[in-house]
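Enquirer: Each step along the sequence shown adds one to the number in my numbering, with nothing skipped, and position 16 is 181.
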Amino acid sequence: MAFSFTITHRDGAARRGWMRTPHGIVETPVFMPVGTQGTVKAMMPRDLEEIGAAIILGNTYHLHLRPGDALIARRGGLHRFMGWTRPLLTDSGGYQVFSLAARRKVEEEGVSFRSHLDGSACTLTPEGAVDIQMQLGSDIAMVLDECPALPAAHDVIAASMALTARWAARCRARFLAYRDGAPAGTIATTPDQAQFGIVQGGTSPALREESAERTVAIGFEGYAIGGLSVGESADAMYDTVGATTLRLPDDRPRYLMGVGTPVDLVEAVARGVDMFDCVLPTRNARNGQLMTREGPLNIKNARFAEDDEPADPACSCYACRHFSRAYLRHLFLAGEMLGSALNTLHNLYFYLDTMKGIRDAIAFGTFEKFRQSVHRSFSRRSLTP
Ligand SMILES: [Zn+2]
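1. Work out the CA separation of A207 and T447 for me, nearest whole Å.
2. Look up A359 in the DSSP assignment and say whether it is helix, strand or coil.
3. For the alpha helix (DSSP H) that M402 lies in, which residues bound it at each end?
4. Verify whether the separation of the beta carbon atoms of V381 and C312 is less than 9 angstroms.
5. Give every residue of the same chain whose Cβ lies closer than 7 angstroms to the Cβ of L213, excluding the five residues on either side of it in the sequence, and list them in chain order.
6. Classify T380 as helix, strand or coil using the three-state DSSP reduction.
7. Just grab the DSSP bridge partners of G182 for me.
8. Quick check on R541: buried or exposed, where buried means 16 or more other Cβ atoms within 10 Å of its Cβ?
9. Taking 6 angstroms as the limit between beta carbons, can you name the residues of its chain near S489, skipping five residues before and five after?
10. If you follow the alpha helix (DSSP H) that Q454 is in, where does it begin and where does it stop?
11. Give me the Cα-Cα distance between K465 and E432, rounded to the nearest whole angstrom.
12. Could you tell me the boundaries of the beta strand (DSSP E) in which G460 lies?
13. Can you check which of these residues, R536, R494, A334 and M402, is closest to F469 by C-alpha distance?
14. Does the separation of the CB atoms of V434 and I305 fall below 9 angstroms?
15. May I ask you to check if the CB of A476 is nearer than 8 angstroms to at least one heavy atom of ligand 1?
16. Following the continuous beta strand (DSSP E) through I390, name the residue where it begins and the one where it ends.
17. Are A167 and A359 closer than 9 angstroms when you measure CB to CB?
18. Assuming T288 is part of the alpha helix (DSSP H), what are its boundary residues?
19. How would you write the range of the beta strand (DSSP E) that R268 sits in, first residue to last?
20. If you reduce the DSSP assignment to three classes, tell me which class T519 lands in.
21. Which value, in whole angstroms, describes the spacing of the CA atoms of E374 and P414?
22. Taking only three categories from DSSP, how would you classify G200?
23. Between Y514 and ligand 2, is there a pair consisting of the residue's CB and a ligand heavy atom that are separated by less than 8 angstroms?
24. Is it the case that the Cβ atoms of Y260 and G423 are separated by a distance below 9 angstroms?
25. Leaving out five residues on either side along the sequence, give the residues of the same chain with a beta carbon under 6 angstroms from the beta carbon of F497.
26. Please name the residue in P187, T288, A389 and A327 whose C-alpha comes closest to that of A371.
27. Between E215, E471, L289 and D439, which lies nearest to W249 when the distance is taken from Cα to Cα?
28. Is the Cβ of R448 closer than 9 angstroms to any Cβ of chain B?
29. May I ask which residues mark the beginning and end of the beta strand (DSSP E) holding R468?
30. In whole angstroms, give me the CA-to-CA distance for C443 and I390.
31. What is the DSSP secondary structure of A219, reduced to helix, strand or coil?
32. Would you list the residues sitting across from F278 in a DSSP beta bridge?
33. Please work out which residues of its chain come closer than 6 angstroms, Cβ to Cβ, to P550, disregarding the five sequence neighbours upstream and downstream, and give them in chain order.
34. To the nearest angstrom, how far is it from the Cα of L265 to the Cα of L282?
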């Protein structure tokens with residue numbers, strides 16, 4: 166098995182360690198920049214490497230619809246296609262089907278929907294989600310899950326959680342079939358791929374517990390917590406994360422999907438989470454919001470028109486070493502592409518640097534102090550996701 170996970174330090178429930186994947190080592194806790202269409206928007210892979218991105222995300226739904234996973238497999242897989250030699254994680258496509266696709270219909274067999282690109286009819290089954298991710302050749306693949314919009318009635322969330330558990334078993338069976346060679350008609354571009362299960366269940370502790378039990382019983386290389394940061398309160402999210410990590414095996418990585426703000430990161434790490442992804446640093450950068458050690462900063466604000474300071478004087482990224490707030494504001498107002506590129510570079514650097522700070526603090530036994538310093542700089546309210 167090419168995948169392994171090792172914990173090297175603990176501070177309370179927070180863990181520091183590393184994952185071994187087919188394309189290299191990833192230190193945890195880790196933040197994974199989101200590369201929806203086979204590119205982290207506005208970033209060259211060279212720049213991602215330079216700021217220390219150890220693993221990035223690819224989106225199964227988008228890449229399956231365009232340019233197609235079979236086309237990418239014939240190019241040697243997603244790593245080679247996009248010029249990224251470090252680890253990749255792909256989602257299962259479920260979240261996008263439920264949030265983007267039109268006229269979706271969920272049945273036991275899978276979900277049928279209309280593409281948001283051209284309206285064509287598509288079907289995504291648990292087995293199909295495994296095949297697509299095998300063809301893309303990510304290092305870590307996710308099972309297909311159903312993501313109900315919250316708030317939803319208890320019985321709706323319960324039924325969805327049970328369906329997710331049945332789909333997880335089918336995903337694992339299909340995944341294990343690849344150990345004897347790729348089934349006819351598919352190409353496995355990273356044969357040593359790992360697969361993570363996903364715990365659902367809304368904010369109900371009982372449903373989360375049952376979901377964790379059923380998912381762990383199937384057995385995966387790692388476990389994700391899905392279906393959060395979809396409208397519930399911060400406290401409800403943290404309580405759910407804390408209750409769920411307690412039910413997950415200590416020796417497997419834990420991934421909180423689609424979360425979040427800098428405060429969310431330290432709060433989830435404090436509850437034993439190892440992996441994160443979120444569009445917030447990249448999307449907000451393109452909207453002119455920069456993350457700094459003093460909190461968020463909106464570069465379009467008139468008070469920065471003649472400000473010669475860098476975005477964050479405490480930051481040593483390329484953007485902060487070379488350009489003023491006045492220049493970044495000008496680029497933003499002029500709609501220049503370089504504005505998005507520099508803002509994204511800075512925000513991702515900030516997130517990756519925050520994760521490094523978290524890892525160091527866990528090693529030094531000073532995580533609680535680090536957590537408080539992040540709270541002093543950020544509150545959820547001050548961000549505009
Ligand atoms: Zn910077």
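Just so it is clear, CB atoms sit at the ideal spot from N, CA and C, and this is done for glycine as well. No experiment lies behind these values; they were computed from the predicted model shown.
Expert: A quick look at the data gives this:
1. As a position in the sequence shown, residue 447 is number 282, starting the count at 1. As a position in the sequence shown, residue 207 is number 42, starting the count at 1. T447 and A207: Cα-Cα distance of roughly 9 angstroms.
2. On the sequence shown, residue 359 is found 194 positions in, with the first residue counted as 1. If DSSP states are grouped into helix, strand and coil, A359 belongs with the strands.
3. On the sequence shown, residue 402 is found 237 positions in, with the first residue counted as 1. Looking at the DSSP string, the run of the alpha helix (DSSP H) that includes M402 is A399 to T410.
4. Reading the sequence shown from its first residue, position 216 is the one you call residue 381. Reading the sequence shown from its first residue, position 147 is the one you call residue 312. No, these two residues do not count as a Cβ contact at 9 angstroms.
5. Mapped onto the sequence shown, residue 213 falls at position 48. Only P198, V205 and I221 meet the Cβ criterion.
6. In the sequence shown, counting from the first residue as 1, residue 380 sits at position 215. Of the three classes helix, strand and coil, the one that applies to T380 here is helix, per DSSP.
7. As a working mapping, residue 182 is identified with position 17 in the sequence shown. Bridge partners of G182: I172 and T193.
8. By one-based count along the sequence shown, residue 541 stands at place 376. Flag for R541 reads exposed.
9. Here residue 489 corresponds to residue number 324 of the sequence shown, with the count starting at 1. Cβ neighbours of S489 beyond the five flanking positions: D473.
10. Counting from one through the sequence shown, the residue named residue 454 turns up at place 289. No alpha helix (DSSP H) contains Q454, which is instead part of the beta strand (DSSP E) from Q454 to T457.
11. Translated into the one-based positions of the sequence shown, residue 465 becomes position 300. Translated into the one-based positions of the sequence shown, residue 432 becomes position 267. Rounded to the nearest angstrom, the two C-alpha atoms are 30 angstroms apart.
12. Numbered from 1 along the sequence shown, position 295 holds the residue referred to as residue 460. That run of the beta strand (DSSP E) goes G460 to N463.
13. Position 304 of the sequence shown, counting from 1, holds the residue named residue 469. Comparing Cα-Cα distances from F469 to each of R536, R494, A334 and M402, the minimum goes to R494.
14. Along the sequence shown, read from residue 1 onward, the residue named residue 434 stands at position 269. Along the sequence shown, read from residue 1 onward, the residue named residue 305 stands at position 140. Result no, Cβ atoms of V434 and I305 do not sit closer than 9 angstroms.
15. What you label residue 476 is simply residue 311 of the sequence shown in a count that begins at 1. A476: yes, Cβ under 8 angstroms from ligand 1.
16. To locate residue 390, count along the sequence shown from 1; it is residue 225. I390 -> beta strand (DSSP E) spans G387 to I390.
17. Residue numbering aside, residue 167 sits at position 2 when the sequence shown is read from its first letter. Residue numbering aside, residue 359 sits at position 194 when the sequence shown is read from its first letter. The answer is yes: Cβ separation under 9 angstroms.
18. Your numbering for residue 288 matches position 123 in the sequence shown. Segment A286 to L289 is the beta strand (DSSP E) holding T288; no alpha helix (DSSP H) there.
19. Stepping through the sequence shown from its first residue, residue 268 is reached at position 103. Its beta strand (DSSP E) spans residues A267 to V271.
20. In the sequence shown, residue 519 corresponds to position 354, counting from 1. Looking at T519 - three-state DSSP - the assignment turns out to be helix.
21. Here residue 374 corresponds to residue number 209 of the sequence shown, with the count starting at 1. Here residue 414 corresponds to residue number 249 of the sequence shown, with the count starting at 1. The alpha-carbon atoms of E374 and P414 are separated by roughly 13 angstroms.
22. By one-based count along the sequence shown, residue 200 stands at place 35. Note: G200 maps to strand in three-state DSSP.
23. Questions concerning ligand 2 fall outside what the structure shown contains, since the ligands it does hold are ligand 1.
24. In the sequence shown, residue 260 corresponds to position 95, counting from 1. In the sequence shown, residue 423 corresponds to position 258, counting from 1. Going by C-beta atoms, Y260 is nearer than 9 angstroms to G423.
25. Here residue 497 refers to the residue found at position 332 when the sequence shown is read from its first residue. Excluding sequence neighbours, F497 sits near G453, I464, K465 and G504.
26. By one-based count along the sequence shown, residue 371 stands at place 206. Taking only the C-alpha atoms, the option nearest A371 is A327.
27. Residue mapping note: residue 249 aligns to position 84 of the sequence shown, counting from 1. Nearest C-alpha to W249: E215.
28. No chain B is present in this structure, which holds just one protein chain.
29. Position 303 of the sequence shown, counting from 1, holds the residue named residue 468. Looking at the DSSP string, R468 is not in any beta strand (DSSP E), and its letter there is neither H nor E.
30. Your numbering for residue 443 matches position 278 in the sequence shown. Your numbering for residue 390 matches position 225 in the sequence shown. Cα to Cα, the separation comes out at about 13 angstroms.
31. Counted from its first residue, the sequence shown places residue 219 at position 54. In this structure, A219 counts as coil in the three-state DSSP scheme.
32. Taking the first residue of the sequence shown as position 1, residue 278 is located at position 113. Answer by DSSP bridge pairing, in chain order: C287.
33. Taking the first residue of the sequence shown as position 1, residue 550 is located at position 385. Interpretation of P550 is limited by its pLDDT of 47, a score under 50 that renders its predicted location unreliable; the figure taken from the coordinates is listed afterwards. Around P550: L445.
34. As a first step, residue 265 must be located in the sequence shown, where it is residue number 100. As a first step, residue 282 must be located in the sequence shown, where it is residue number 117. Answer to the nearest angstrom: the Cα atoms are 10 angstroms apart.
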